[in-house]
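Asks: Here the numbering used here is used: the first residue of the sequence shown is 1404, the next is one more, and so on.
Glycine residues also receive a C-beta, built at the ideal position from the N, C-alpha and C atoms.
After the structure tokens below, expect a handful of questions from me.
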Amino acid sequence: EKGWLLAQYENHPLGWLKSLGNRMNNYFPTEWRIRNY
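In structure tokens, the structure reads:
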């Protein structure tokens, strides 16, 4: 299913995901992103 989804953990909203059918893009705050050094 395509569209916007709200990611939640134990009923606490975390951020938005955009579903593209076969994958999702996250729209979490930049500070939450995992960085590879």
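1. Considering just the uninterrupted stretch of the beta strand (DSSP E) at W1435, what are its terminal residues?
2. Can you give me the C-alpha to C-alpha distance between E1404 and T1433, rounded to a whole angstrom?
3. How many angstroms separate the CA atom of N1439 from the CA atom of L1423?
4. To the nearest angstrom, report how far apart A1410 and F1431 are at their CA atoms.
5. Since G1406 is in the beta strand (DSSP E), which residue starts that stretch and which ends it?
Replies: From the atom records:
1. W1435 -> no beta strand (DSSP E), and no H or E assigned at all.
2. 25 Å
3. 25 Å
4. 9 Å
5. K1405 to Y1412
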